[in-house]
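Mapping of the sequence shown onto this note's numbering: residues 209 to 267, in sequence order. Below is one structure, written out as structure tokens; the observations come after it.
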Amino acid sequence: MVRQGLGISMVILGAIVMIINISFLRTNDYYDAIRVLSFVMFMVGIFLIPRYAKAKKNI
């Protein structure tokens with residue numbers, strides 16, 4: 209559960225940073241570095257979110 213929460217927060221944070229970077233920081237010297245780091249954070253977050261739910265055993 210912690211892994212899923214971490215993945216979701218990384219995806220949301222990465223997307224927000226990408227939007228802010230593209231909108232406001234184009235003239236900044238660190239534009240490319242921030243863009244790459246936010247994209248990496250977004251992609252790692254996607255891979256941390258599990259694709260399935262564990263089956264619950266009802267006995």
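A virtual CB, placed ideally from N, CA and C, is assigned to each residue, including glycine.
- With a contact defined as Cβ atoms closer than 8 Å, I242 and L233 qualify at about 6 Å.
- By alpha-carbon distance to N229, the top candidate from S246, L256 and I254 is S246.
- Leaving aside the five residues that flank G213 on each side, none in its chain has a CB nearer than 8 Å to its CB.
- Taken through DSSP and simplified to helix, strand or coil, L233 comes out as coil.
- For Y239, the secondary structure class from DSSP, reduced to helix, strand or coil, is helix.
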